[in-house]
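A.B. asks: Numbering (the UniProt record's numbering), first residue to last: 1 to 216.
Glycine included, C-beta positions come from ideal geometry on N, C-alpha and C.
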């Protein structure tokens, strides 16, 4: 069993690396966050079987989910990415909410100019427009292997245990993404410095240190 678990961990790390290389940040960060979960991290004997190269690769991947500087490592990678790319969707939603709810649509009248007509905050809508334009540009192209996906073994009929609310006929509306909740918890620590480039809060992630301890 440990050898099988080791093989799976190695494969997931390799897949996450390839996703980063292909600018598929959403899939990569879902994998990374899953590997950081307590359930996976407590497999100490399995992690100890990984090579130093795999451990180093995983530690590098963890930088993309580090919330320091408002997830600065991921944001820089996304800014440098060329289409096709898949942004990290929970953070896309968070940024949109920040722009829409964090900025007034109508600007307050300046002191001494109470007689002025209310002014629309065009800066708010320019920011949203730029963000959507960037996302549209990044997702405007298909990956070179997109045409081959119909032939990939996705195993649609595999026996998978799913909670009742995940059944296709269920009327229950689950959260958009469990990963969004995990990221939200981490980002709460840096909420007060969302627009402050000087802000640098140490990530709450402890996986890197724990992995390093295993191999000391």
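In the DSSP assignment, the alpha helix (DSSP H) including residue 89 goes from what residue to what residue?
C.D. replies: Taken as a continuous stretch (DSSP letters only), the alpha helix (DSSP H) holding residue 89 covers 89-101.
A.B. asks: Mapping DSSP to helix, strand and coil, what is residue 61?
C.D. replies: Of the three classes helix, strand and coil, the one that applies to residue 61 here is helix, per DSSP.
A.B. asks: For residue 135, which residues of its own chain have a beta-carbon under 7 Å away from its beta-carbon, when the five flanking residues on both sides are left out?
C.D. replies: Only 87 and 92 meet the Cβ criterion.
A.B. asks: With distances taken between CB atoms, is the gap from residue 57 to residue 8 smaller than 8 Å?
C.D. replies: In this structure, residue 8 does not lie closer than 8 Å to residue 57 by Cβ.
A.B. asks: State the Cα-Cα distance for the pair residue 54 and residue 42, rounded to the nearest angstrom.
C.D. replies: When rounded, the distance between both Cα atoms is 17 Å.
A.B. asks: For residue 67, which residues does DSSP report across the bridge?
C.D. replies: BP columns for residue 67 are empty, so no partner.
A.B. asks: If you follow the alpha helix (DSSP H) that residue 126 is part of, which residue opens it and which one closes it?
C.D. replies: Where residue 126 is concerned, the enclosing alpha helix (DSSP H) stretches over 122-138.
A.B. asks: On a CA-only basis, which of 144, 38, 125 and 10 is nearest residue 98? Give me that one, please.
C.D. replies: Minimum Cα distance to residue 98 is reached at 125.
A.B. asks: To test your reading of the DSSP string, which unbroken alpha helix (DSSP H) runs of 4 or more residues are found completely within the stretch 6-56?
C.D. replies: Counting only runs of 4 or more, we get 25-35, 38-41 and 44-48.
A.B. asks: Using only the alpha-carbon positions, how far apart do residue 64 and residue 116 sit?
C.D. replies: Rounded to the nearest angstrom, the two C-alpha atoms are 47 Å apart.
A.B. asks: Taking just the CA atoms, how far does residue 28 sit from residue 44?
C.D. replies: Spanning the two alpha carbons is a distance of roughly 22 Å.
A.B. asks: Applying the 10 Å Cβ sphere with the 16-neighbour rule, what's the burial state of residue 95?
C.D. replies: By the neighbour-count rule (16 or more Cβ atoms within 10 Å), residue 95 is buried.
A.B. asks: Give me, in chain order, the residues of the same chain whose beta-carbon lies closer than 6 Å to that of residue 119; leave out the 5 immediate sequence neighbours on both sides.
C.D. replies: Taken in chain order, the residues that qualify are 107.
A.B. asks: Provide the residue(s) that pair with residue 119 in DSSP beta bridges, ordered along the chain.
C.D. replies: Note: residue 119 sits in a beta bridge opposite 107.
A.B. asks: Give me the Cβ distance between residue 122 and residue 26, rounded to the nearest whole Å; I'm assuming they're in contact under 8 Å.
C.D. replies: Not quite, the Cβ-Cβ distance comes to about 31 Å (not below 8 Å), so this is no contact.
A.B. asks: For residue 147, count neighbouring Cβ atoms within 10 angstroms of its own Cβ and tell me buried if that reaches 16, exposed if not.
C.D. replies: Looking at its Cβ environment, which holds fewer than 16 other Cβ atoms inside 10 Å, residue 147 is exposed.
A.B. asks: Under the assumption that residue 82 contacts residue 46 (Cβ atoms under 8 Å), give the Cβ distance between them as a whole number of angstroms.
C.D. replies: Actually they are not in contact, since the Cβ atoms of residue 82 and residue 46 sit about 36 Å apart, beyond 8 Å.
A.B. asks: Report back the beta-carbon spacing between residue 139 and residue 85 to the nearest angstrom; my notes put them in contact at under 8 Å.
C.D. replies: Indeed they touch by this definition, with Cβ atoms about 7 Å apart.
A.B. asks: Given this structure, state the Cα-to-Cα distance separating residue 129 from residue 101, to the nearest angstrom.
C.D. replies: So the alpha carbons of these two residues sit roughly 15 Å apart.
A.B. asks: Apply the 10 Å Cβ neighbour rule to residue 16 and answer buried if 16 or more other Cβ atoms are within range, or exposed otherwise.
C.D. replies: With 16 or more other Cβ atoms within 10 Å, it is buried.
A.B. asks: Of all the options 32, 141 and 127, which has the alpha carbon lying nearest to the alpha carbon of residue 59?
C.D. replies: It is 32 whose Cα lies nearest to the Cα of residue 59.
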